[in-house]
Amino acid sequence: METITGIIKDILPMETLQGRNGVFNKQTVVVEQHRYDPETGEEWGTRTYAVEFSQQKIDQLKGLAVGRRVDMTIWCDSRSWQPQQGAERWFSTIHGSSVKLHEAQADGSNTVATGAPQPVESDGLPF
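Here is the structure:
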(Lines of atoms letter the chains of each structure in order from A and count residues from 1; the text may use other names and numbers.)
(Lines give C-alpha, C1' and ligand atoms only; values in the text may rest on other atoms or scores of the structure.)
Protein backbone atom coordinates (compact mmCIF):
# COMPACT_ATOMS: atom_id res chain seq x y z
CA MET A 1 0.00 0.00 0.00
CA GLU A 2 1.03 3.57 -0.61
CA THR A 3 -0.21 6.91 0.70
CA ILE A 4 -0.78 9.81 -1.68
CA THR A 5 -1.58 13.42 -0.77
CA GLY A 6 -3.52 15.61 -3.16
CA ILE A 7 -6.49 17.81 -3.93
CA ILE A 8 -9.89 16.30 -4.77
CA LYS A 9 -10.79 17.21 -8.36
CA ASP A 10 -14.03 15.22 -8.66
CA ILE A 11 -16.25 12.82 -6.74
CA LEU A 12 -18.23 10.59 -9.07
CA PRO A 13 -21.66 9.21 -8.17
CA MET A 14 -21.83 5.81 -6.48
CA GLU A 15 -22.38 2.93 -8.91
CA THR A 16 -24.21 -0.31 -8.16
CA LEU A 17 -22.88 -3.16 -10.31
CA GLN A 18 -23.54 -6.86 -10.77
CA GLY A 19 -20.44 -8.96 -10.15
CA ARG A 20 -19.67 -12.67 -10.07
CA ASN A 21 -20.50 -12.79 -6.36
CA GLY A 22 -23.59 -10.60 -6.46
CA VAL A 23 -24.29 -6.88 -6.35
CA PHE A 24 -21.62 -4.46 -5.13
CA ASN A 25 -21.19 -0.69 -4.85
CA LYS A 26 -18.23 1.45 -5.84
CA GLN A 27 -17.47 5.17 -5.94
CA THR A 28 -14.54 6.93 -7.59
CA VAL A 29 -12.68 9.97 -6.25
CA VAL A 30 -10.31 11.83 -8.60
CA VAL A 31 -7.25 13.25 -6.82
CA GLU A 32 -4.58 15.51 -8.32
CA GLN A 33 -1.11 15.41 -6.79
CA HIS A 34 1.43 18.17 -7.51
CA ARG A 35 5.06 17.05 -7.57
CA TYR A 36 8.03 19.32 -6.81
CA ASP A 37 11.81 19.06 -6.94
CA PRO A 38 12.86 18.80 -3.28
CA GLU A 39 15.98 20.93 -3.85
CA THR A 40 14.74 23.76 -6.06
CA GLY A 41 11.01 23.75 -5.36
CA GLU A 42 10.39 23.72 -9.12
CA GLU A 43 7.16 21.97 -10.06
CA TRP A 44 7.77 18.67 -11.88
CA GLY A 45 4.16 18.32 -12.89
CA THR A 46 1.03 16.66 -11.63
CA ARG A 47 -0.31 13.15 -11.37
CA THR A 48 -4.01 12.43 -11.45
CA TYR A 49 -5.44 9.32 -9.82
CA ALA A 50 -8.98 7.90 -10.17
CA VAL A 51 -9.29 5.97 -6.89
CA GLU A 52 -12.13 3.45 -6.46
CA PHE A 53 -13.68 2.84 -3.04
CA SER A 54 -16.00 -0.14 -2.70
CA GLN A 55 -18.60 -1.53 -0.32
CA GLN A 56 -18.14 -0.34 3.29
CA LYS A 57 -15.12 1.83 2.39
CA ILE A 58 -17.51 4.22 0.59
CA ASP A 59 -18.69 5.44 4.01
CA GLN A 60 -15.27 7.14 4.42
CA LEU A 61 -16.13 9.51 1.56
CA LYS A 62 -18.87 11.30 3.51
CA GLY A 63 -17.84 14.89 4.17
CA LEU A 64 -15.36 15.08 1.28
CA ALA A 65 -15.67 17.91 -1.24
CA VAL A 66 -13.97 19.04 -4.42
CA GLY A 67 -11.00 21.28 -3.60
CA ARG A 68 -10.21 19.64 -0.25
CA ARG A 69 -6.76 18.23 0.50
CA VAL A 70 -6.63 14.55 1.48
CA ASP A 71 -4.28 11.69 2.28
CA MET A 72 -5.36 8.41 0.66
CA THR A 73 -3.97 4.96 1.28
CA ILE A 74 -4.18 3.10 -2.01
CA TRP A 75 -3.27 -0.23 -3.55
CA CYS A 76 -3.29 -1.40 -7.16
CA ASP A 77 -4.18 -4.63 -8.87
CA SER A 78 -4.56 -5.89 -12.42
CA ARG A 79 -6.73 -8.51 -14.04
CA SER A 80 -6.91 -10.05 -17.47
CA TRP A 81 -9.79 -10.59 -19.85
CA GLN A 82 -9.71 -13.00 -22.74
CA PRO A 83 -12.29 -12.27 -25.45
CA GLN A 84 -13.56 -15.18 -27.54
CA GLN A 85 -11.53 -13.81 -30.42
CA GLY A 86 -8.44 -11.68 -30.08
CA ALA A 87 -5.61 -11.14 -27.67
CA GLU A 88 -5.77 -11.17 -23.90
CA ARG A 89 -6.25 -7.69 -22.41
CA TRP A 90 -5.14 -6.37 -19.02
CA PHE A 91 -6.85 -3.76 -16.84
CA SER A 92 -5.50 -2.05 -13.72
CA THR A 93 -7.43 -0.46 -10.87
CA ILE A 94 -6.36 1.87 -8.06
CA HIS A 95 -8.30 0.90 -4.93
CA GLY A 96 -8.81 3.20 -1.96
CA SER A 97 -8.22 1.66 1.45
CA SER A 98 -8.53 4.75 3.65
CA VAL A 99 -8.89 8.51 3.31
CA LYS A 100 -7.99 11.27 5.75
CA LEU A 101 -9.24 14.81 5.24
CA HIS A 102 -6.75 17.58 6.03
CA GLU A 103 -8.08 20.11 8.51
CA ALA A 104 -9.53 23.37 7.15
CA GLN A 105 -7.35 26.45 7.29
CA ALA A 106 -7.54 28.70 10.34
CA ASP A 107 -9.66 31.23 8.42
CA GLY A 108 -12.34 28.56 8.01
CA SER A 109 -11.90 28.04 4.29
CA ASN A 110 -12.00 24.52 2.91
CA THR A 111 -9.12 24.88 0.49
CA VAL A 112 -5.46 24.42 1.18
CA ALA A 113 -2.71 26.22 -0.73
CA THR A 114 -0.66 23.89 -2.90
CA GLY A 115 2.28 26.17 -3.65
CA ALA A 116 5.73 24.80 -4.21
CA PRO A 117 8.08 24.52 -1.26
CA GLN A 118 10.52 27.41 -1.14
CA PRO A 119 14.15 26.56 -2.01
CA VAL A 120 16.67 26.83 0.80
CA GLU A 121 19.26 29.56 0.30
CA SER A 122 22.74 28.17 -0.19
CA ASP A 123 25.47 29.25 2.22
CA GLY A 124 28.20 27.83 -0.03
CA LEU A 125 28.89 24.84 2.20
CA PRO A 126 28.75 21.40 0.58
CA PHE A 127 26.56 20.01 3.39
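Taking our numbering, the leading residue of the sequence shown gets 28, the next gets one more, and so forth. Ideal Cβ placement from N, Cα and C applies to all residues, glycine included. Because the structure is a prediction, the values reported are computed rather than measured.
Next on the checklist: Under DSSP, the beta strand (DSSP E) around V126 begins and ends at which residues?
Outcome noted: As a first step, residue 126 is located in the sequence shown; it is residue number 99 there, counting from the start. Run containing V126: R116 to L128, per the beta strand (DSSP E) assignment.
Checklist entry - When the Cα atoms are used, what is the spatial distance from Q60 to T43? => result The count along the sequence shown starts at 1 and reaches residue 60 at position 33. The count along the sequence shown starts at 1 and reaches residue 43 at position 16. Rounded to the nearest angstrom, the two C-alpha atoms are 28 Å apart.
Next on the checklist: Just verifying my parser: in three-state terms, what is the DSSP assignment at K84?
Outcome noted: What you label residue 84 is simply residue 57 of the sequence shown in a count that begins at 1. K84: helix per DSSP, three-state reduction.
Next on the checklist: Tell me the DSSP secondary structure of D98 in three-state form.
Outcome noted: On the sequence shown, position 71 is the one that residue 98 refers to. Strand at D98.
Next on the checklist: To the nearest angstrom, how far is the alpha carbon of I38 from that of E69?
Outcome noted: Against the sequence shown, residue 38 aligns to sequence position 11. Against the sequence shown, residue 69 aligns to sequence position 42. Going by the C-alpha atoms only, they are around 29 Å apart.
Next on the checklist: Tell me the rounded alpha-carbon separation between R96 and S105.
Outcome noted: Position 69 of the sequence shown holds residue 96. Position 78 of the sequence shown holds residue 105. About 27 Å.
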